[in-house]
Structure formats: C-alpha cells, structure tokens
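In this note's numbering, the protein residues as written are 21 to 600.
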C-alpha cells in the first residue's frame, strides 16, 4: 500500500499470522464499511448536538456565509466553520437523493471511514499489512467509535484530521520522506479549522513521540539547512491556512465575537470561565469513560500496555510505541485538564488505542489465566450482542410490555435471525483463529443492531414531529406574532431545520410581562420551553395556551398568547420564515 522501506520492527509475519489468522482484506473492509454506514439514514436528528449542527450546516448551505457560522440567524462561534462547510457540501450534493438528515450524518460517517483508513496507513508504517488491517478493524468495532461516528458531530472531523496529520508526520520521520511535512501542516490546519487549537495541540504532543527520537538519529550537515527550511515551510503552510479564516472572522465578527471564540472557547475551558458551555466535570471523569469506549477490546488494550511497559523497562523500542503512547496519554491529559468534559471527545485518541492494541495480539496464543479470561470474554460479548438482537426482534411482539411505539414487523425482523445464524457459523469454525472469527461476527451483529435499533429509538428521541406540529399551529393563526423566551440551542435549531422559522429572542423579564399582558406593539405571544419545572416569571395561567406538546420526558413546549392576541392590526415581525 505504501512505498518505501519498512522498519525493522515490522517483520514478524509467521508469528503474527498464528496470532491473528489470515484475514481477507476485502471481506473485513466490507464489514467495517457496513458498520460505518448502517443506521445513519433511517432516523431523525437526535439531541443534544445533532439539531444544532444540522441547523448551522443548513443555514450555511442557503447562503448564510462561510466565515461566521450562524445558528437560526445568530452567530455561533464555539467552533470554526470547516466542518459545517463540508456538511453543507454533502447537503447540497446528496440531500435530494438521501434526504437532508442522512446527507448530513453521512458527513460524520465519511470522516469516520477516513479515520479508519489513516489508522490503517499508520499501521502499515509500523506493522505488516495483516496487523495494520486488524488495527483499523479494532478501531471500527470500538463502542465509542461506532457511537460517535453515527452522530452528526464536529469531533469526527477532528479525529480524521488528527489521524491524517500524524500519518504524514510518521511518513516524514520514520521513512525520511520529508515532503510529507507540508501535508502534515495542511491536515493540522484542517484540525484547527474544525475545532480550534485543541487539534494542533494534540498533533504537536503526539508528534513529539516521533520528533524526539528523530532528533537523535544521525543527519548529515548538508541536510540540516534543508530540514530547517522544510519544517519552516510546513509551519508556514498551516499558519497561512488558519490565518485565511482568522483574519476575515476578526474583521466581520467584531471584537466581542472574536474574544468569545478566542478566549472563552479555548482558555476559558481550562480556567473555568466557560461555564455557559456546560458539561463541567472533575478531572477523573475520563478514567471511567475510556474503559467503556474501548470495549470490547479493553482486555487486549490492557495486555498491550503491560507488554509495552515490559519492553520499555528492558530498553527496547516497540514499533510505533512512542507515537501511540504520546498520542493516547497526551490527548487524555489535555481532555482531563479541561473543565468541560464529554465522552465524545475521546474519539480523538481512540485510533491510538487501537494501534496500541496490536501490541497485545500475543494474548491469543497464550494459555495463561488472563488469556483464557479474554477468550471467554469474546464469547460473552458476542452472546450479549445476540441477546440484544433477539430482544429487538421480539420488540413488536412485546410492544405494550417493554416498548412503546415499537416498529411493526418487517424486513428488519428477518434480518436479525439471518445475522444470528451467520455470526454463530463464523464463530463455530474452530480451525479459524479466534480473532478472525470475532472480527467477522461482531461487525455483522453491530450492523444488524444499528439497522434495527435506530428507528426504534427514534420514536422516543425525535423532536421533528413536535417542531412541525408547533409550526403548523402558529401558521394557522396568522394574527400571532411570536417571540422566543430563552430558547435553548436545540429548540431554536429544531424550528429552523424542520420548519424554517426563527423566533426573535426575548430574555428581559419586563418585556416578557408586556408581551403576555398585551402591551407590546411587536409581539402578542411567547414560545416557551419548560425543563422539569416552569420557567420563572411566566404567568401561564393568565394566558391562552395556543399549543403545547411534550418533548421527551423532561421538556414541554408551549405557545402562550396575550389576552388580546386576536387583534389583527399588530405590526408583526415574528416569526421569520427562512427562504429555501
């Protein structure tokens, strides 16, 4: 796949094949691609992130501007615009064929596939083709990776650019192909333009695992000047690309927006100033999340870490160990130091975890108690997946007992038994190595579960019908002029995405009282969202409830009208209908 001389640590082919078996690359790649694409087109936008990301991309595709991302007409500068530009391209080119939501979510799926591809390419630098393929397959079946890449999330693009940049750096430093350094700068700029400085920072720390050993290698005097020039040119490439957005953004957005993006979204996450972003947690947060996200490969991951520690203690240099360890530990440390924490952020280090797992493949050839436990866990994991499939198959038959609004029987119920049979047949081939059987059966189960469970969960998580019904109720009363009372991002984004409506924001209590008292010249109604308890200063008992609908278990959407709301000579300015 890659030209150039392989490192001396890579060849161990016969032993590796005993450990992992002879995989058919086409079959394994097809299985992983199937998992990546399964379940992305048969369900609606899910909270908390997808409505916001979809609305920003939709507005950008309708001419909302490429420099300052906007959410329902308002600037949204938490992240730079590159991911939304890419998503708007998918929307414009595929939206008419796949539907808007599927086209947008395909952006994340393609970023995930790109991350898998570059993980494989990194594996080819340090391992043989079989183990590189296994590394990509391990990543593609990690619970955390499957979950995140099936959401419309900026973090998928961040993981792609980080992995691509580190591949380019590894090609440059391990194979002395320094022409790849400007390409690394290009990918680092892409990481910056999707999520700010966190991307280049992770690339820099992980890259130290390559750069520090490279400094100790002999380099001719004549080559030093050339190397300095290439490094400077690569850095300049990245800075120029970043500046191409930063400068226009500072000019158009103004000082306040620039400070919000530059200070609060970068340094404020570490100083605790960015409390408005939510998701605040203590530093040990990821110690509980990472073991879950690397499942079902936790045992293999632990075995690899133990083996690496032993080799490092004896002075050996495991293939790629420096890069993988700096990448995993550096990212983990950065994320832990940030005050804002979410499990989805870990996707940036999962490729490193998958590559580290390759160093634990020896466990499949051992007969120690730990190895026997790991092999039993493989069967336990597969059994759990089959039980989930059986439950999903039975869901329509037990709708009133376990599931509300379950899907009626259909082709999905025929799919599950076929997958069960195929998985059991794959695992029953005792002459085939366990890892090969496991990596055949698990993707089959994942794909079937995603295809079956996403429409089922969608019956409970989709807010699309509520937004459409509320918009219809408002449009049926043209004399209503509605303002939004402290609407959150999900609600504002949902109305824009599903109904093309933007409600002017109201956060002043005196203005709210005037609207609901019929004393405001612009508005005679309020759209309010109740979360667990009623919003403060909202005298809803004194006003007409035009429409109300629950949104999940903890939210209630209400349209309240002033006593004189039927007067038609009001100067209406809301809601605003978006074109397109």
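Quick reminder that beta carbons are idealized off the backbone N, C-alpha and C, glycines included.
Classify residue i: buried if its beta carbon has 16 or more other beta carbons within 10 angstroms, exposed otherwise.
i	result
residue 267	exposed
residue 281	buried
residue 528	exposed
residue 456	buried
residue 385	exposed
residue 283	exposed
residue 580	buried
residue 379	buried
residue 99	buried
residue 492	exposed
residue 485	exposed
residue 584	exposed
residue 387	exposed
residue 135	buried
residue 160	buried
residue 540	buried
residue 242	Caution is warranted here: a pLDDT of 49 is assigned to residue 242, below 50, making its placement in the model unreliable, and no coordinate value can be reported.
Residue i and residue j: beta carbons closer than 8 Å?
i	j	result
residue 211	residue 225	no
residue 405	residue 477	no
residue 230	residue 190	yes
residue 582	residue 563	yes
residue 258	residue 208	yes
residue 53	residue 141	no
residue 355	residue 139	no
residue 543	residue 503	yes
residue 232	residue 367	no
residue 198	residue 247	yes
residue 565	residue 277	no
residue 550	residue 578	yes
residue 67	residue 573	no
residue 206	residue 261	yes
In angstroms, rounded to a whole number, what distance separates the CA positions of residue i and residue j?
i	j	result
residue 221	residue 214	13 Å
residue 234	residue 157	29 Å
residue 77	residue 127	11 Å
residue 272	residue 81	19 Å
residue 166	residue 56	7 Å
residue 454	residue 396	11 Å
residue 125	residue 330	43 Å
residue 154	residue 413	31 Å
residue 162	residue 317	7 Å
residue 70	residue 537	36 Å
residue 270	residue 122	33 Å
residue 117	residue 364	29 Å
residue 93	residue 522	7 Å
residue 452	residue 442	15 Å
residue 332	residue 520	59 Å
residue 320	residue 377	6 Å
residue 115	residue 530	43 Å
residue 8	residue 89	Limits of the chain in this structure are 21 at one end and 600 at the other, which puts residue 8 out of reach.
residue 175	residue 105	15 Å
residue 335	residue 196	24 Å
residue 393	residue 444	20 Å
residue 327	residue 353	22 Å
residue 264	residue 60	33 Å
residue 344	residue 325	11 Å
residue 109	residue 362	28 Å
residue 340	residue 194	9 Å
residue 398	residue 129	26 Å
residue 44	residue 113	34 Å
residue 305	residue 358	11 Å
residue 103	residue 390	43 Å
residue 439	residue 507	44 Å
residue 131	residue 301	28 Å
residue 95	residue 65	21 Å
residue 323	residue 383	7 Å
Tell me, to the nearest whole angstrom, how far the beta carbon of residue i is from that of residue j; I am working on the premise that it is less than 8 Å.
i	j	result
residue 653	residue 470	An answer regarding residue 653 cannot be provided, because it is not within the stretch 21 to 600 covered by the chain.
residue 465	residue 409	6 Å
residue 347	residue 186	7 Å
residue 73	residue 172	5 Å
residue 501	residue 545	7 Å
residue 275	residue 204	Contact flag wrong, Cβ pair sits at about 33 Å.
Taking only beta-carbon atoms, is residue i less than 8 Å away from chain B?
i	result
residue 357	Annotation note: the requested chain B is absent from the structure, which comprises a single protein chain.
Looking at residue i and the ligand NAD, is the gap between the Cβ and the nearest heavy atom below 7 Å?
i	result
residue 396	Among the components modelled here there is no ligand, and therefore nothing to report on the ligand NAD.
Point to revise | Length-filtered (4 minimum) alpha helix (DSSP H) runs lying within the region 190-242 | key: Fully enclosed alpha helix (DSSP H) runs of 4 or longer: 201-215 and 218-235.
Check your understanding: In chain order, which beta strand (DSSP E) runs of at least 3 residues are fully inside the region 492-519?
Key -> Fully enclosed beta strand (DSSP E) runs of 3 or longer: 502-505.
Exercise for review: Report the residue ranges of all alpha helix (DSSP H) runs contained in full by the region 108-138; include only those spanning at least 4 residues, in chain order.
Suggested key: If one requires a minimum length of 4 residues, no alpha helix (DSSP H) run lies completely within the region 108-138.
Exercise for review: Tell me the start and end of each unbroken alpha helix (DSSP H) in the region 266-331 that is at least 4 residues and wholly inside, in chain order.
Suggested key: Those alpha helix (DSSP H) runs which fall completely within the region 266-331 and span 4+ residues are 288-291 and 305-313.
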